[in-house]
Structures are given as C-alpha cells and as structure tokens.
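A.B. asks: Numbering (the numbering used here), first residue to last: 76 to 307.
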Ligand code: CA
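(1) What alpha helix (DSSP H) runs, 4 residues minimum, are completely inside the stretch 112-181?
(2) For residue 81, which option in 88, 92, 91, 103 has the closest C-alpha, if you only look at C-alpha atoms?
(3) Going by the C-beta, is residue 161 closer than 8 Å to any heavy atom of ligand 1?
(4) Per the contact definition of three or more C-beta pairs closer than 8 Å, is the stretch 288-306 in contact with the stretch 240-250?
(5) In the DSSP assignment, what are the bridge partners of residue 215?
(6) Anyone know if the C-beta pair for residue 212 and residue 291 falls short of 9 Å?
(7) Between which residues of its own chain and residue 123 is the CB-CB distance below 7 Å, once the five residues before and five after are set aside?
(8) Please report the distance separating the alpha-carbon of residue 242 from that of residue 233.
(9) Quick one: grab the DSSP three-state call for residue 301.
(10) Any heavy atom of ligand 1 within a distance shorter than 8 Å of the CB on residue 111?
(11) On the criterion of 16 or more Cβ atoms from any shown chain inside 10 Å, does residue 220 qualify as buried, or is it exposed?
(12) Anything with a beta carbon under 7 Å from a heavy atom of ligand 1 counts; list them all in chain order.
(13) So, at 6 Å on beta carbons, what are the nonlocal neighbours of residue 114 in its own chain, with the 5 sequence-adjacent residues on each side left out?
(14) Between the alpha carbons of residue 127 and residue 162, how many angstroms are there, rounded?
(15) Can residue 168 and residue 275 be called in contact, C-beta distance under 9 Å?
(16) Go ahead and pull the three-state DSSP assignment for residue 229.
(17) Regarding residue 189 and ligand 2, is the C-beta to nearest heavy atom distance less than 8 Å?
(18) Just to confirm, are residue 132 and residue 86 a CB contact at a threshold of 9 Å?
(19) Opposite residue 294 in the DSSP bridges: which residues?
(20) Going by C-alpha distance, which of 289, 287, 170, 239 is nearest residue 272?
(21) Spatial neighbours of residue 116 within its chain, please: C-beta separation below 8 Å, excluding the five flanking residues on both sides.
(22) Taking residue 143 as the reference, give the member of 112, 253, 191, 287 with the closest Cα.
(23) Does the beta-carbon of residue 297 have 16 or more other beta-carbons within 10 angstroms, so that it is buried, or is it exposed?
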C-alpha cells in the first residue's frame with residue numbers, strides 16, 4: 076500500500092520521538108516541525124498527506140496553524156491535545172481539523188487514526204467530484220431524490236433526522252462537533268439544541284444501527300460530537 080507522508084508538528088521532544096519511531100516502523104514517510112511557523116512553511120512547501128498537530132506550541136496557538144493551512148488546503152489535520160484542553164480541541168475541530176488524539180495516546184491509537192485518514196483520502200480520490208449517491212455499508216443516501224435506504228428498504232426519517240444523516244455522510248470520517256452540527260441543522264447552538272441533537276441522534280441510530288447500543292456507523296465522542304465511520 077502506498078504509505079502517507081505525515082507532517083509532525085510537536086515541540087515536545089519525547090512525544091515527537093515516539094511518533095517518528097512509530098511512523099518509521101510502519102513505513103510512513105514523515106517531516107517534523109517544532110513550532111507553528113515551521114509547520115506552516117513545511118505544509119506549504121512539501122504538501123504532506125496529513126498533518127499531526129500539537130495544539131500547545133511555543134510560538135503560536137495550534138488553532139492559528141489550522142486556520143492558515145485551511146486558507147489554501149484541505150489536507151487532513153489530526154490535532155493532539157492534552158486532556159485538560161477539551162475546549163481547545165473543540166475549537167480546533169471547528170476551525171477545520173479532521174480528528175484528534177488526546178495525550179497520552181498509545182501507538183495503536185495513532186496508527187488507527189492514520190488508517191481512518193488514509194481510507195478517507197482513498198475514498199475522496201476515487202470519487203469524481205460531488206457524488207449524487209452515498210453508499211456506506213448497508214446505508215445508501217440518494218441526495219438528489221432526498222431519500223435514504225437501509226439495504227433496499229427506504230428509511231422513514233423525519234426532516235431533521237435526514238438532515239443529520241446527510242451532514243454526517245457528507246463529512247464521513249471526520250469528527251463533527253456539537254456546535255458545528257447544531258449550527259448546520261438549527262442555525263444556532265444553545266444548550267437545548269445540543270440536548271435535542273442527542274434525542275434526534277438516538278432516534279436516527281434506532282433506524283440505522285442493528286444494535287444502537289454499540290453503533291457501527293455513528294460514533295459518539297463524549298463532550299465533543301459525532302463521527303460517521305466509513306466501513307470497509
Ligand atoms: Ca506542546
């Protein structure tokens with residue numbers, strides 16, 4: 076398989092060494108940057124396939140790095156944050172990051188996130204521009220017709236459930252924050268919108284998932300949001 080080139084942005088030497096050792100052992104190519112300025116420069120000069128970005132950098136806030144990169148590129152960005160920086164993580168996702176890892180993370184978690192990204196990149200490459208029909212496992216969404224199916228059975232979704240399913244499927248593989256989703260669905264993000272979102276997500280899952288208690292398609296990220304998983 077064609078391995079990705081990963082730009083590692085991390086000022087903490089032991090963490091950076093752990094990541095480079097892991098990537099080397101698994102045949103990934105990599106570049107490193109110890110701060111935000113170097114990160115932006117390397118991202119623009121070498122156009123890596125994915126960026127692993129620590130949010131706590133010595134020169135600028137990691138979120139600023141995301142905004143800069145997003146001004147010219149959609150390259151996947153996985154942020155790395157400490158457990159105490161939950162709000163930073165959410166801000167980073169809202170600024171355009173695709174995924175996150177929380178420190179301390181295991182080598183397996185890191186590799187799993189890279190595999191998710193690789194699948195998403197492969198799917199995006201094989202897709203000719205905007206797709207009219209989305210297929211993921213047993214789920215099919217026909218955007219033009221405004222219908223969704225499980226196998227060949229049409230799903231009876233409420234307008235909000237359908238909008239939610241479209242939003243998740245159009246961003247498959249990406250973690251969407253509560254704020255992002257409620258803004259897209261209701262145009263606001265009050266606490267009661269987030270509470271309603273939980274309710275609609277539960278009813279949507281009942282219709283999609285064989286076992287709503289252990290969902291296969293829609294992952295919950297506690298305190299952060301949701302992600303639709305692209306099945307193999
Ligand atoms: Ca740091």
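Just so it is clear, CB atoms sit at the ideal spot from N, CA and C, and this is done for glycine as well.
C.D. replies: Reading off the structure:
(1) 137-145, 161-169
(2) Per the Cα distances, 103.
(3) no
(4) yes
(5) 210, 224
(6) yes
(7) 80, 81, 82, 106, 150
(8) Residue 242 and residue 233: Cα-Cα distance of roughly 14 Å.
(9) strand
(10) no
(11) exposed
(12) 85, 86, 87, 129, 131, 132
(13) Counting only Cβ-Cβ distances below 6 Å, and skipping sequence neighbours, we find 84, 108, 140.
(14) 18 Å
(15) It is not a contact, given that the beta carbons lie outside the stated cut-off.
(16) strand
(17) Among the ligands present in this structure, namely ligand 1, ligand 2 is not found.
(18) It is a contact, given that the beta carbons lie within the stated cut-off.
(19) 302
(20) 239
(21) 108
(22) Checked all of 112, 253, 191, 287; the closest Cα to residue 143 is 112.
(23) exposed
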